[in-house]
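Everything below concerns the one structure shown next.
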Amino acid sequence: MSKADRIKEEIGWLKVVFGILVATDISLMAWLAQNFSRPTRFQVLVALAAVALVTAAVVWVNHIAYARIKQLEEL
Numbered sequence: 461m462s463k464a465d466r467i468k469e470e471i472g473w474l475k476v477v478f479g480i481l482v483a484t485d486i487s488l489m490a491w492l493a494q495n496f497s498r499p500t501r502f503q504v505l506v507a508l509a510a511v512a513l514v515t516a517a518v519v520w521v522n523h524i525a526y527a528r529i530k531q532l533e534e535l
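Numbering (our numbering), first residue to last: 461 to 535.
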């Protein structure tokens with residue numbers, strides 16, 4: 461497998477991970493918006509921490525994907 465093919469395959473997997481993380485992030489935010497007053501304070505804090513963590517993961521995966529795209533352009 462050539463280096464270009466390997467990078468393309470990695471970008472494909474990063475797209476899958478990115479999509480899953482974005483869907484998870486949106487779901488967590490929707491849950492928070494719908495249930496902000498009902499759950500305990502602990503549940504809200506855990507959900508907010510999860511949103512922050514998943515959002516950071518989305519940004520990280522996006523950064524990695526752009527780095528791989530740049531590598532692919534340089535070949």
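All C-beta atoms, glycine included, are put in the ideal place defined by N, C-alpha and C. Quick caveat, the model's predicted, so the values are computed rather than measured.
Residue interval of the alpha helix (DSSP H) (run including residue i)
i	result
residue 474	463-494
residue 515	501-534
Counted within 10 angstroms of its Cβ, other Cβ atoms place residue i as buried (16 or more) or exposed
i	result
residue 513	exposed
residue 506	exposed
residue 508	exposed
residue 438	The shown model of the chain, from 461 to 535, leaves out residue 438, and the question about it has no answer.
Rounded Cβ spacing between residue i and residue j (contact assumed at less than 8 Å)
i	j	result
residue 518	residue 478	7 Å
residue 524	residue 481	About 12 Å separates the two Cβ atoms, so there is no contact after all.
residue 471	residue 529	7 Å
**Request:** Assess, as a yes-or-no matter, whether the region 475-495 is touched by the region 526-534 under the definition of 3 or more beta carbon pairs within less than 8 Å.
**Result:** no
**Prompt:** Would the region 496-503 and the region 463-473 be scored as touching if the rule is three or more Cβ pairs under 8 Å?
**Reply:** no
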